[in-house]
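Take 1 as the starting number for the sequence shown in this note's numbering and just add one per residue. Single-structure report; data block below.
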Amino acid sequence: MPKSINELIMQYFQSHPNKDLPHGPVVDWVTKQYLKENPTPPRDPWRAIRKLHQDGILIKVSKGIYRYEPHNTKQKVIFDFSDEIKEKIFERDGYKCVVCGRGREDGVELCADHIKPKDKGGDNSIDNGQTLCMEHNLIKKNYSQTEAGKRFFIKLYQKAVKMNDKKIINFCKCVFDCYDIHGINGHITRPKIKDRKEEAK
Ligand SMILES: [Zn+2]
1 MPKSINELIM QYFQSHPNKD LPHGPVVDWV TKQYLKENPT PPRDPWRAIR
51 KLHQDGILIK VSKGIYRYEP HNTKQKVIFD FSDEIKEKIF ERDGYKCVVC
101 GRGREDGVEL CADHIKPKDK GGDNSIDNGQ TLCMEHNLIK KNYSQTEAGK
151 RFFIKLYQKA VKMNDKKIIN FCKCVFDCYD IHGINGHITR PKIKDRKEEA
201 K
């Protein structure tokens, strides 16, 4: 199985641990290795390096210079689906978005989505993948943003009740109402409000 861009980048950084590495030579090496197993050069290895930095695996020293510290990185290295796994996910789903059923012949771009997100422990297995069009992938990402938001407001609300902060209590209620009105994240139960009149004062 050909190595993915991420695997090649990590192979380079792991063989030069604790060193400040300008990305130019890394990209050159990765491209060279990649071309041994693939007919076309890798797509945007610079972006892949930046992504590894955003995921907390590589440390950015300065512009274009990164370093890998084995003891100072998230223990679980987060890799994306390999191209082979992606293809198997698409194949299983019939090359169609599992939500809207549209495929490439309808002019939509497909992506392999992690059903359980990587940062919540989801792995890169076929079973954890599903085919989504870009639109539904974006909706799913935004949906988890609103989920995180609702949980945050629940915590804020509980704190405000403890401190009897009426302004924040009422603000949070408005936010929960807004979630309800738009039918967003109904599976997360909003806090039970015992005495609406009392708190509304
Ligand atoms: Zn879709």
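Here a beta-carbon is modelled for each residue, glycine too, at the ideal position from N, C-alpha and C. Please read these numbers as outputs of a predicted model, since none were measured by experiment.
{"Asked": "Limits of the unbroken alpha helix (DSSP H) element including GLY149", "Found": "134-163"}
{"Asked": "CYS100: CB within 7 Å of a non-hydrogen atom of ligand 1", "Found": "yes"}
{"Asked": "Collapsed DSSP secondary structure at SER62 in the structure displayed", "Found": "strand"}
{"Asked": "Segment contact, 8 Å Cβ cut-off, at least three pairs: the stretch 97-113 with the stretch 126-146", "Found": "yes"}
{"Asked": "Close beta carbons around SER4, own chain, < 6 Å, minus the five adjacent residues each side", "Found": "SER82"}
{"Asked": "C-alpha gap between SER15 and THR31, whole angstroms", "Found": "17 Å"}
{"Asked": "Assigned secondary structure, HIS187 (DSSP; H/G/I helix, E/B strand, else coil)", "Found": "coil"}
{"Asked": "8 Å contact criterion, which TYR34 and PRO41 should meet: CB distance rounded", "Found": "7 Å"}
{"Asked": "Classification of GLU198 by the beta-carbon crowding that lies within 10 angstroms, buried from 16 upward", "Found": "Residue placement at GLU198 is poorly supported in this model, since its pLDDT is 46, which falls under 50; the coordinates still yield a value, given next. GLU198 is exposed by the Cβ-count criterion."}
{"Asked": "Contact with chain B by ASN128, beta-carbon distance below 8 Å", "Found": "The displayed structure is made up of one protein chain only, and chain B is not part of it."}
{"Asked": "Paired residues, beta bridge with PRO22 - DSSP", "Found": "ILE65"}
{"Asked": "Any non-hydrogen atom of ligand 1 within 7 Å of LEU138 CB", "Found": "no"}
{"Asked": "Identity of the residue in THR189, ILE169, ASN124, ILE57 nearest GLU147 by Cα", "Found": "THR189"}
{"Asked": "Extent of the continuous alpha helix (DSSP H) run through CYS174", "Found": "166-182"}
{"Asked": "Secondary structure of HIS114, DSSP reduced to three states", "Found": "strand"}
{"Asked": "GLU105 CB to nearest heavy atom of ligand 1 below 7 Å", "Found": "no"}
{"Asked": "C-alpha gap between SER144 and LYS118, whole angstroms", "Found": "13 Å"}
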